Every structure is written in structure tokens, then in C-alpha cells.
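J.: Numbering (this note's numbering), first residue to last: 929 to 975.
C-beta: ideal position from N, C-alpha, C; glycine also.
This one's a predicted model, so the numbers in the text were calculated from it and none came from an experiment.
I am attaching a structure below and will ask some questions about it afterwards.
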Ligand SMILES: [Zn+2]
């Protein structure tokens, strides 16, 4: 039985780092753990 938890994937347009969250948008204070940019530098990634 797989849990039905919708996740949203975002990719950093600066370094390419991918993150997965359970909200349709990244938090305002999200910071890329690799290059340190904010959520404005992430875009939704399709599977
Ligand atoms: Zn980054």
C-alpha cells in the first residue's frame, strides 16, 4: 500500500539541485542547500 502523499519537485536553476516538498510552493525562507539561493531561483520540475 503506497501512501498517497502528493509531492512537488523543484529544481534550482542555478546549480540544478532538486528538492521535493509536500506543498505546491517552496517556503519564502527556503534556501538552496547547495548554492544558497532563495526560492525565486527554483522552478517546478516535471518527472
Ligand atoms: Zn542551488
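Note the first and the last residue of the continuous beta strand (DSSP E) segment covering residue 971.
T.: Looking at the DSSP string, the run of the beta strand (DSSP E) that includes residue 971 is 970-972.
J.: I'd like the span of the beta strand (DSSP E) that includes residue 937, first residue to last.
T.: Here the beta strand (DSSP E) through residue 937 covers 936-940.
J.: Taking the C-alpha atoms as reference points, what is the distance between residue 939 and residue 958?
T.: Approximately 13 Å between the Cα atoms of the pair.
J.: Please classify residue 963: is it buried, with 16 or more other beta-carbons within 10 angstroms of its beta-carbon, or exposed?
T.: Its Cβ having fewer than 16 others within 10 Å, residue 963 is exposed.
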